[in-house]
Structure formats: structure tokens, C-alpha cells
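Report on the structure given below.
Residue numbers (UniProt numbering): 1 to 271.
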């Protein structure tokens, strides 16, 4: 099989003992060639995995001549875990597999980045309302925070259009059509929006609409992250109404709307 400089290569007998490995493979795992030739493949695996029926079946499949490809967790000589994207290729002689050629690429950095990104998304999903749409506005899915904020069950909104959360007259405007055209073109949109939950309950949200692109650069969905800011907007509106009354000379007007902590922190500086 042709040598590939930028990939790790090793070949293992079906037993499976390591027969040989190239420099890239040895460097990635921290061994020199003499340390691994004749050793069992399990020296590269976490000990708990190497003792499992799944690992034995892995080699049984290769022994039957079955090709295998996946992302695998492996362990270096120093005990550091790495991730590789690898293919295990049985090589046949007289119709029977007699060794396995493995080609591997170190994907540790990419795997850690993907894990970190997934963790960040999980954290966002736990703290914010999240909903996904097609590029034309049909609802794909929504998390529990979103459904609770709007008062719906997921089954009541999935497959319906985003316009169900909007005031009907607004949903028929050219402005609203342009809103979705911009998202479908890949434009990020963020701001404060008034929306309507179940039973026409008015809700103010601070939201970001994020177009997501496929590998070809085409928008295939829109993910919206939102926070309910209804209390803050109610406080702002009450404050505005009070200031207008004062400007008109009405000194009897009182502000009965409780202010959220962030608003109360600003009040001492208002005067």
C-alpha cells in the first residue's frame, strides 16, 4: 500500500501483534519502533476498554476481513489520551486476511474543540430559550425554556411558522417578509422583539437569530437564542410614562411597577 507522509500508518497481524509502524505513527503515540513491534495493539488503548467484549469483537471483525473506520480514543506512551480518525484495512492473501493496515490522523485538537463547543451550547440551552427554524421560518424544534416562556408544548409548535408568535397584522407586512429574507440570505439579526405566547400573552424577548450554513455555504436553518425581558420592558415603559407625566406637570403620578434589580441599580444615577 502506498506510503502517505502526512498520515500515521501501522500494520498489525490478525493475532493482533504490531508488525511495523511509520515515523508519524510512532511520534504521535510517543514510542520508538522497537518498543511496539511484537506488542499487542491494546498498548495503545485505555485499559478499561481493552478488557471489554467490544474490543475483542473489534478484532474478531477484522479477523473476518471486515473493514473498520471511526474516531478512536487511544493512549500514548506517557498515558496521555489522544483521538485519531482511522481506518483498519484487512489485507488478504489467498482469499484470507493475514494482516491489517491502519491509516490514522490525529484529531485530538478538533475533538477537544468539538467537545468544548458542545459544552458551550449545552450551557446556553440550559440558561436561554432556544428554537430552530428552517430558512423560511418553519419551526424545527424548541427547548424547554422556550416552550415554558411562550406557554406551548413542543408538539403544538413544531412544523408551524414563526408568525404564530407575532401580532397578525405585523406578520402580514413587507417588513416581516424582509426579516425572513435577510435571515435566509445569511444575515445575523439581534434585538428586542415583542412576541405573543399561547393565549395571546404579550412577551418581550431579547433575541439573536443566527443563520447556520452547510458545508457549501448555504443557510439550512436559523437558530434563535432568546431571553425573556418582559419585566425590564414593563419597568422601562412605566418609567417613561412617569417621566412624561412629570413633564406635563402631573406631580401626583407614582411608579407602582416593581423594577428588576438591573433597573434599580440605574435609578440613583437617573437624576
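All residues carry an ideal CB built from backbone N, CA and C; glycine is no exception. These figures come from a predicted structure and were not determined experimentally.
Is there contact between the region 104 to 120 and the region 211 to 220, where contact requires at least three CB pairs shorter than 8 Å? no
Reducing DSSP to helix, strand and coil, say where residue 228 ends up. strand
Pairing CB atoms from the region 176 to 191 with CB atoms from the region 129 to 148, are three or more of them under 8 Å? yes
Between the region 75 to 88 and the region 20 to 35, can you find at least three pairs of beta-carbon atoms closer than 8 Å? yes
Curious, which full-length alpha helix (DSSP H) runs of at least 4 residues does the region 91 to 149 contain? 108 to 127
Quick one: what's got a C-beta closer than 8 Å to residue 210's C-beta in the same chain, skipping five residues either side? 188, 222, 223, 224 and 225
Which term fits residue 128, buried or exposed, when burial requires 16 or more other beta carbons within 10 angstroms of its beta carbon? buried
Can you name, in chain order, every residue of its own chain whose Cβ lies under 7 Å from the Cβ of residue 151, other than the five neighbours on each side? 197, 198, 199 and 201
Mind checking whether residue 55 and residue 64 have CB atoms under 9 Å apart? no
In angstroms with no decimal places, state the Cα-to-Cα distance between residue 173 and residue 139. 20 Å
When the Cα atoms are used, what is the spatial distance from residue 73 to residue 95? 31 Å
Is the beta carbon of residue 88 closer than 9 Å to that of residue 112? no
Roughly how many angstroms separate the alpha carbons of residue 69 and residue 86, rounded to a whole number? 6 Å
Counterpart residues of residue 61 in DSSP-defined beta bridges: According to DSSP, residue 61 bridges with nothing at all.
Of the residues 22, 105 and 166, which one's Cα is nearest the Cα of residue 83? 105
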